[in-house]
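First up is the structure itself, then whatever we jot down about it.
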């Protein structure tokens, strides 16, 4: 659970999925209202809209609170962990232990939105504003939202960088392999290519012949790679955000890129094949 004040959602850029945000008049009037996260609303009532008007409480002596809004899910520990189910209580609530002063949270985190966030001058203004209310209140853990974000995804970012390096090395080895295979094939078929040229074949025909063979190799490799990826991507589900493990657009785009890279690797030996001298090729043993 969290205790939040009106205006936090707009300041933090968090979307309201259904209903409305609590108001200051409700907070100061100790109205029993509450907001919940989208995943909690779906688990408890099926849909976000169905949660509006429902009531909940944390323990038996606590007054029932009416759900007035449903907030989008907010991950707290980076991409790998799912967003927690959260109940957003108002910062002031009726005393659940009998007559007495309203209950209030003791530790407060202020979220301030500004184009000057992170600058020393802005921090000095914030510190002065807080001390003008109570000079004994200290400021601790002052961070920009970018710093909070970077810390939450640091481990995931490192893992993805390592995977990116490994993928680049694998792609480079694939390019070198295709280039080597096609170059060797052109060398072995030098006599055949010379005969084709001597019989009237054009350079474009030879180029097409060599590229066709390279394309076949690339298609076989891509097919094997897609098959392996479909079986292994489920192991990377926790590293994916905003895309499914079997996203068809991603697979099509990557397959197309690999085929284009393979054709590029084939082009140099294919182009060399078109420059074969028929007389020299016919003497080749």
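Residue numbers (our numbering): 11 to 295.
Heads up, the beta-carbon is just placed ideally off N, CA and C, and yes, glycines get one too.
To the nearest angstrom, how far is it from the Cα of residue i to the Cα of residue j?
i, j, result
"residue 182", "residue 213", "28 angstroms"
"residue 209", "residue 285", "15 angstroms"
"residue 16", "residue 28", "16 angstroms"
"residue 257", "residue 263", "10 angstroms"
"residue 278", "residue 163", "42 angstroms"
"residue 188", "residue 180", "12 angstroms"
"residue 259", "residue 122", "38 angstroms"
"residue 68", "residue 254", "35 angstroms"
"residue 184", "residue 129", "48 angstroms"
"residue 159", "residue 94", "17 angstroms"
"residue 63", "residue 21", "25 angstroms"
"residue 226", "residue 177", "22 angstroms"
"residue 168", "residue 175", "11 angstroms"
"residue 195", "residue 83", "56 angstroms"
"residue 237", "residue 161", "35 angstroms"
"residue 157", "residue 26", "24 angstroms"
"residue 34", "residue 19", "14 angstroms"
"residue 87", "residue 265", "33 angstroms"
"residue 166", "residue 241", "21 angstroms"
"residue 222", "residue 230", "12 angstroms"
Beta-carbon separation of residue i and residue j under 7 angstroms?
i, j, result
"residue 154", "residue 134", "no"
"residue 232", "residue 280", "no"
"residue 235", "residue 192", "no"
"residue 96", "residue 47", "yes"
"residue 65", "residue 74", "yes"
"residue 149", "residue 137", "yes"
"residue 1", "residue 79", "Within the shown structure, residues of the chain are numbered from 11 to 295, placing residue 1 beyond reach of any answer."
"residue 275", "residue 216", "no"
"residue 115", "residue 13", "yes"
"residue 81", "residue 24", "yes"
"residue 269", "residue 228", "yes"
"residue 36", "residue 43", "yes"
Where do the ends of the alpha helix (DSSP H) carrying residue i lie?
i, result
"residue 99", "Note, residue 99: premise wrong, no alpha helix (DSSP H); beta strand (DSSP E) at 97-99."
"residue 53", "48-55"
"residue 285", "From DSSP, residue 285 is part of no alpha helix (DSSP H); its letter is neither H nor E."
"residue 241", "213-242"
"residue 133", "130-143"
"residue 184", "164-198"
"residue 19", "18-22"
"residue 60", "58-61"
"residue 36", "34-38"
Given a threshold of 16 other Cβ atoms within 10 Å of its Cβ, counted over all protein chains shown, does residue i qualify as buried or as exposed?
i, result
"residue 30", "exposed"
"residue 125", "exposed"
"residue 92", "exposed"
"residue 5", "The structure shown has nothing for residue 5, since the chain only spans 11 to 295."
"residue 272", "buried"
"residue 32", "buried"
"residue 199", "buried"
"residue 267", "exposed"
"residue 186", "exposed"
"residue 39", "exposed"
"residue 204", "buried"
Please tell me whether, using a cut-off of 6 angstroms, the distance from the CB of residue i to the nearest non-hydrogen atom of the ligand ADP is below it.
i, result
"residue 40", "This structure does not include the ligand ADP; it has no bound ligands of any sort."
Cα-Cα, which of the options is closest to residue i?
i, options, result
"residue 61", "51, 226 and 70", "51"
"residue 3", "226, 11 and 197", "The first residue shown for the chain is 11 and the last is 295, placing residue 3 beyond what the model contains."
"residue 243", "171, 156 and 261", "261"
"residue 117", "87, 190, 132 and 151", "151"
"residue 85", "49, 57 and 18", "49"
Note the first and the last residue of the continuous beta strand (DSSP E) segment covering residue i.
i, result
"residue 76", "75-81"
"residue 149", "No beta strand (DSSP E) contains residue 149, which DSSP labels as neither H nor E."
"residue 29", "26-29"
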